[in-house]
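Below: one structure, written as structure tokens.
Residue numbers (our numbering): 795 to 922.
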């Protein structure tokens, strides 16, 4: 009725190296799935957030991680900005706590170029 220990032990051996690879294959597949579903998207999101923080400038409307809306009034350093959250209420905060940029301001150089182009266009139309 019971199987002898000798038969149970003999049935367990399955071909040496191939048996080791077959038992290791599910772990590799699990790691690949985790990489594509969890690790890679998280790295991509972190890279986008880092680029977003690098593009901050004075006048940008932002949302903090706590959900507070504000306008950047001064970029203090690589790590800090001053944000006006209400009229006359300014808060110094860490850049990393900024979640999103709602509206961006134009770079100063681009605004000056646009003003020059507008002035030149007006002068041409006035000459005609």
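All residues carry an ideal CB built from backbone N, CA and C; glycine is no exception. Computed from a prediction, not measured in an experiment: that's the story for all the values here.
The three-state reading of DSSP puts residue 855 in strand, counting E and B together. Less than 8 Å divides the Cβ of residue 889 from the Cβ of residue 875. Apart from sequence neighbours up to five positions away, the residues of its chain that approach residue 847 with a beta-carbon distance below 8 Å are 889, 890, 892, ordered along the chain. Per DSSP, reduced to three states, the secondary structure at residue 870 is coil, with no helix or strand assignment. Taking C-beta atoms as the reference points, residue 866 and residue 882 fail to come closer than 8 Å. In the structure shown, residue 880 falls within a strand segment according to DSSP collapsed to helix, strand and coil. A Cβ-Cβ separation of about 6 Å places residue 851 in contact with residue 899 under the 8 Å criterion. Shortest Cα-Cα distance from residue 886 to any of 858, 896, 894 involves 858.
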